[in-house]
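Q: For the sequence shown, the positions run -23 to -1, 1 to 766 when mature numbering (1 follows the signal peptide of the UniProt record, and there is no 0) is used. Think of the CB as a built atom: it goes at the ideal place given N, C-alpha and C, for glycine as much as any other residue. Before anything else, here's the structure in question.
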Amino acid sequence: MLALLLALMLTCLSVFWPPSAQAQAAPAPAAQAPAAAPAETLTPAALADLLDNPNTRQALVEALRQQANGQAPAATVTPPPETVAEPGLQERMAENLQRFLTSLAADMGQGADDLTKLASGQSLRMDGDTATHALLPLGLTAAATIVAFILLRLIALRIYTRIDGWVAHCATASTTRPLPLRVLYRRAGAILGAVAIDAAVVLLAAMAGSAAGLWGTPGRGTLDALAAIFLRAFVSVELVKVLIRTVFAVRHPHLRLLPMSDEQARYWNAWLLRVVGIAGYGTLLVAPVVATVLSPALGRLASLLIMLAVYVYAVRVIWHNRNAVRTHLEHRAVHAATFMGTRLRFLSRVWHILAIGYFTILLVLSQIDPINALPFMARATVQTLLVIGVGSLIILLLNTVLAKPIRLPHDLRRRLPLLEARVNAYVPATLRFIGWIVRIVILLLILDAWHAFDLSRWLASDGGAAAIRMVLNIAIVLLIATLAWTVIASVIEHRLSQSEGRGMPSARERTLLALFRNAALIVIVTMTLMVLLSQIGIDVGPLIAGAGVVGLAIGFGAQKLVQDIITGVFIQLENGMNENDVVEVAGVFGTVEKMTIRSVGIRTLDGGYHLVPFSSVDVVANHMRDFSYHLGEYTIAHRESVDDAIEHMRAAFAELTADPVLGPEILEDMTVAGVTAVNDKGVTIRVLIKTTPGMQWAVQRGYNRLLKKHFDAAGIELPYPHTVVYFGQDKRGHAPAANVVMQAERPDEGESAAAPGQTRRALKPARRSDDKSDVLGNELELRDEPPRD
């Protein structure tokens, strides 16, 4: 079951994994010599394609037979064009799965035969003397390396203790929390120094072992192959252990990279060192030695068994500690900043999946390329951690910039009030865009580190150059569009704002500038979308042509809309009305609240909002253009003198001009047009008062009040309706006598006498219902008054 699982993982990874240098450099069989290309240039896939084609296989067989008979080959074997086609994904997976299972079955069979021979006392590749002679340089090199490593490690541990104490003293001497940058720099330098010392110990021990191996190798000129294998394994494994010891630093907590307790550090440090030691020395040392001394099949089987055991052990430990690590990370996320807290929470949920995937890749690589598997994993791990660290630092800096709003100078904010809000809206969006680009680059670099994506090759390819060019073009287009809109909007805001050198803009300026701003926004957005679509590879020609056809159809089908727009444009150009003007349009009288290129919104006196399309506008009556007039026509009784009434009218106007509120709104002296009508009602006199725009109604109300007061004081009678009363008569022409009743004497009621024909009654509060529910009614509480006759 484990072998089948490994086969599936090998198949999936080998589909995307490039062949190793060792596999590419492997010599081809002698039977490949007659092929068209040299044997060393044929890849396994190309050779399989050649043999899979019947015609090519037959030609190859004939060429080999001719060469065996001493004849020159009749023709060069050239594969047909269809044989070099790249196989599909399913074909490659099936081929790799079949190849691995075949190789595994062959190794198991050969291994069983080799074990049988060993059990019977037969030698495989070396007899006892030869093996002892071959293993002597290896043992001498290993002994010298291990002794040198132990001695140097003891010396380095004393140095680590002094460095750890120095870092602890610097942290204790600082009284501020969090620690200042100076202390953090010293700690980082101490950690890097410890890493350098630990790596130097490994290299010096390897040099000592190499010298011992050269001394013990016959000939004393070249290093024995097995000794070289040991030194390569020692350097690779111990450098990985250097990184692990740097992260956990069991004996020196102040040099520890990750914040954790000593107990946790010891647990994970021992576990990882054990896994790396077994996997590294097993695949890089034990398997090659077994393959050299015994047989290659046993070496491959030993490597497979060691890695399967390591994989099962690692997965078991990871799964057992998944909840404990998740709890620890979530606890750290609570006390961390927002940026780190979010990432720690995400890592706490997926860390075990990432760890199991990591060991899965190690298992697969150890079977694909056992020599380079562990160095590759170390290199990819370091590159991944470095990329994540640098990328997180960049994103953290971007988030720090986002957290601080941009403050413009006071004078600039006064002249362009919305510029600061607009900049604070643009800059965060730009920084977020840059942040996403950084995240994409981080992802690509991580994939490149694990050979899942060849970033350098992609950048050198036409597709990569086109993608980068497209991103740059999109960024430039967005930048130009943003700058254009910012400049246009800022200029319009500057014109709409009140400055010291000039007053507020006129209503026409405000209306036209608002319309121009909307039109500019539509044009910029439309052009930007068209350019962006063209940059991402979409042909905008059909879109433009389609838009023209659709526009023509809309023009025919929506004539009212076209009429609205055309009429609205001309009304604006002719300055027919502006916002806050009092107009009468299409039978609607009110104040203009909003104007677009298609319609006008009018608020009437009763509070209703009327949306009038410009196609319905035949006549625009603007009551606020340049100046206004109060046109008043006042009727007096026939018995009154017209000249006296005009004098009192002028007196009321003189009092009106002295009013502090309405007086400044009057532009000229009152014009008395004279008597405009003499009829049965009375004599009508017309006056004209010129006012500022929109103040004619206020002046009218004030003048009417004063005129009534002056007429009352002068006793000038406003006419009542005249009625002829006919009492009737009989056929002889005699009329009955009028029944006239003289009014009885009444007490003086002051200024509260009842009007003729009216009977005053006291208002009584309306009765409420028994259930005391809310019922609208008369709730006035009036004093009781007896009814008057």
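1. For K685, which three-state DSSP category applies?
2. Among L271, N401 and T407, whose alpha-carbon lies nearest the alpha-carbon of T93?
3. List the whole-angstrom C-beta distance separating V676 from I643, where the pair is believed to meet the contact cut-off of C-beta under 8 angstroms.
4. Answer with buried or exposed for N495, where buried requires no fewer than 16 other C-beta atoms within 10 angstroms of its C-beta.
5. Buried or exposed: where does G334 fall if 16 or more other Cβ atoms within 10 Å of its Cβ makes it buried?
6. Taking C-alpha atoms, which residue in W143, L278 and I574 lies nearest to A165?
7. Rounded to a whole number of angstroms, what is the C-alpha to C-alpha distance between D141 and I451?
8. Ordered along the chain, which non-local residues of its own chain (more than five positions away) have a Cβ less than 7 angstroms from that of residue 822?
9. Going straight from the alpha carbon of P273 to that of A83, what length do you get?
10. Which two residues bound the contiguous alpha helix (DSSP H) that contains M719?
11. Kindly indicate which residue of A185, G440 and V596 has the alpha-carbon position closest to the one of V560.
12. Can you list, in chain order, the residues of its chain whose CB lies under 8 angstroms from that of S213, leaving out five sequence neighbours each side?
13. To the nearest angstrom, report how far apart A14 and F430 are at their CA atoms.
14. Buried or exposed for G567, please, with buried defined as at least 16 other CB atoms from any protein chain shown within 10 angstroms of its CB.
15. Starting from L459, follow the alpha helix (DSSP H) in both directions and report where the run begins and ends.
16. Using only CA atoms, which one of R616, G705 and L180 lies nearest to I123?
17. Check whether the Cβ atoms of V565 and H587 lie closer than 8 angstroms to each other.
18. So the alpha helix (DSSP H) N300 belongs to, where does it begin and stop?
19. Could you pull out every unbroken alpha helix (DSSP H) segment of at least 4 residues lying fully inside the segment 228 to 300, listed in chain order?
20. Would you kindly work out how many angstroms separate the C-alpha atoms of I383 and N401, rounded to a whole number?
21. In this structure, what does DSSP give as the bridge partners for C567?
22. With L129 and V172 assumed to form a contact (beta carbons below 8 angstroms), what rounded beta-carbon distance in angstroms separates them?
23. Would you mind stating whether A357 and A426 have Cβ atoms separated by less than 8 angstroms?
24. Tell me the rounded alpha-carbon separation between W674 and T573.
25. Please say whether V664 and A650 have beta carbons closer to each other than 8 angstroms?
26. Here's the rule: buried if 16 or more other CB atoms are within 10 angstroms of the residue's CB, otherwise exposed. What is G710?
27. In angstroms, rounded to a whole number, what distance separates the CA positions of L455 and T377?
28. Mind reading off the beta-carbon distance from L608 to Y680? Whole number of angstroms is fine, and I expect it under 8 angstroms.
29. Please classify Y697 as buried or exposed, where buried requires at least 16 neighbouring CB atoms within 10 angstroms.
30. Measuring CA to CA, which of M626, T668, N557 and H428 is closest to L342?
31. Look at S592 and D558 and say whether their C-beta atoms are less than 8 angstroms apart.
32. Whose C-beta lies closer than 6 angstroms to the C-beta of A119 among residues of the same chain, with five residues either side of it excluded?
33. List the whole-angstrom C-beta distance separating P114 from D201, where the pair is believed to meet the contact cut-off of C-beta under 8 angstroms.
34. Using DSSP with H/G/I as helix, E/B as strand and the rest coil, what is V676?
35. Does DSSP put T700 in a helix, a strand or coil?
36. What residues in its chain sit with their C-beta under 7 angstroms from that of G514, if we drop five residues either side in the sequence?
A: Here's the rundown:
1. Start at 1 with the first residue of the sequence shown, and residue 685 comes out as number 708. Here K685 sits in helix by DSSP.
2. Here residue 93 refers to the residue found at position 116 of the sequence shown. T93 has its Cα closest to that of L271, out of L271, N401 and T407.
3. Taking the sequence shown and counting its residues from 1, one reaches residue 676 at position 699. Taking the sequence shown and counting its residues from 1, one reaches residue 643 at position 666. Between I643 and V676 the Cβ distance is about 7 angstroms, and since that is below 8 angstroms, they are a contact.
4. To locate residue 495, count along the sequence shown from 1; it is residue 518. That one is exposed.
5. In the sequence shown, residue 334 corresponds to position 357, counting from 1. Exposed, since its Cβ has fewer than 16 Cβ neighbours within 10 Å.
6. Your numbering for residue 165 matches position 188 in the sequence shown. Cα-wise, what sits closest to A165 is W143.
7. For this step, residue 141 is matched to residue 164 along the sequence shown. For this step, residue 451 is matched to residue 474 along the sequence shown. Rounded to whole angstroms, D141 to I451 spans 51 angstroms at the Cα level.
8. Here the chain covers residues -23 to 766 and nothing more, so residue 822 does not appear.
9. Sequence index remark: in the sequence shown, residue 273 carries index 296 (1-based). Sequence index remark: in the sequence shown, residue 83 carries index 106 (1-based). Distance between the alpha carbons of P273 and A83 is about 11 angstroms.
10. Within the sequence shown, residue 719 is the residue found at index 742, counting from 1. Element bounds for M719: n/a, residue is neither H nor E.
11. Taking the sequence shown and counting its residues from 1, one reaches residue 560 at position 583. Per the Cα distances, V596.
12. Reading the sequence shown from its first residue, position 236 is the one you call residue 213. So the qualifying residues of the chain are G257, L261, L351, P352 and A355.
13. To locate residue 14, count along the sequence shown from 1; it is residue 37. To locate residue 430, count along the sequence shown from 1; it is residue 453. Residue confidence for A14 is low, a pLDDT of 41 falling below 50, so the modelled location carries little weight; the figure read from the coordinates is stated next. Roughly 29 angstroms between the two C-alpha positions.
14. Walking along the sequence shown from the start, residue 567 turns up at place 590. Looking at its Cβ environment, which holds 16 or more other Cβ atoms inside 10 Å, G567 is buried.
15. On the sequence shown, position 482 is the one that residue 459 refers to. Leu is not the amino acid found at residue 459; the sequence shown has Thr there. Note, T459: alpha helix (DSSP H), D439 to L473.
16. Here residue 123 is taken as the residue at index 146 of the sequence shown, counted from 1. Per the Cα distances, L180.
17. Within the sequence shown, the letter at position 588 stands for residue 565. Within the sequence shown, the letter at position 610 stands for residue 587. In contact: V565 and H587 (Cβ atoms closer than 8 angstroms).
18. Counting from 1 along the sequence shown, the entry for residue 300 is found at position 323. Note, N300: alpha helix (DSSP H), R299 to V311.
19. 239 to 258, 264 to 270 and 273 to 297
20. To locate residue 383, count along the sequence shown from 1; it is residue 406. To locate residue 401, count along the sequence shown from 1; it is residue 424. If you take the alpha carbons of I383 and N401, they lie about 6 angstroms apart.
21. Taking the sequence shown and counting its residues from 1, one reaches residue 567 at position 590. A quick correction: the sequence has Gly, not Cys, at residue 567. DSSP output for G567 lists V560 as bridge partner(s).
22. Position 152 of the sequence shown, counting from 1, holds the residue named residue 129. Position 195 of the sequence shown, counting from 1, holds the residue named residue 172. Not confirmed; about 15 angstroms, so no contact.
23. As a working note, residue 357 is residue 380 in the sequence shown. As a working note, residue 426 is residue 449 in the sequence shown. Between A357 and A426, the gap from beta carbon to beta carbon is short of 8 angstroms.
24. What you label residue 674 is simply residue 697 of the sequence shown in a count that begins at 1. What you label residue 573 is simply residue 596 of the sequence shown in a count that begins at 1. Approximately 28 angstroms, taken between the alpha carbons.
25. Against the sequence shown, residue 650 aligns to sequence position 673. Against the sequence shown, residue 664 aligns to sequence position 687. Taking the C-beta atoms as reference points, V664 is found nearer than 8 angstroms to A650.
26. For the purposes of this step, residue 710 is taken as residue 733 along the sequence shown, with counting starting at 1. When all chains shown are included, G710 counts as exposed.
27. Here residue 455 refers to the residue found at position 478 of the sequence shown. Here residue 377 refers to the residue found at position 400 of the sequence shown. For L455 and T377, the distance between alpha carbons rounds to 24 angstroms.
28. The residue given as residue 608 occupies position 631 in the sequence shown. The residue given as residue 680 occupies position 703 in the sequence shown. In fact, because the Cβ distance is near 11 angstroms, the residues do not count as touching under 8 angstroms.
29. To locate residue 697, count along the sequence shown from 1; it is residue 720. By the neighbour-count rule (16 or more Cβ atoms within 10 Å), Y697 is not buried but exposed.
30. Numbered from 1 along the sequence shown, position 365 holds the residue referred to as residue 342. Here the closest residue by C-alpha is H428.
31. For the purposes of this step, residue 592 is identified with residue 615 of the sequence shown, where counting begins at 1. For the purposes of this step, residue 558 is identified with residue 581 of the sequence shown, where counting begins at 1. No, the pair does not count as a contact, with Cβ atoms beyond the cut-off.
32. Taking the sequence shown and counting its residues from 1, one reaches residue 119 at position 142. Cβ neighbours of A119 beyond the five flanking positions: F207.
33. The residue given as residue 114 occupies position 137 in the sequence shown. The residue given as residue 201 occupies position 224 in the sequence shown. The pair is a contact, with the Cβ atoms about 4 angstroms apart (cut-off 8 angstroms).
34. Residue mapping note: residue 676 aligns to position 699 of the sequence shown, counting from 1. In this structure, V676 counts as helix in the three-state DSSP scheme.
35. By one-based count along the sequence shown, residue 700 stands at place 723. Coil at T700, not helix or strand.
36. On the sequence shown, position 537 is the one that residue 514 refers to. Excluding residues within five positions, none has a Cβ falling inside 7 angstroms.
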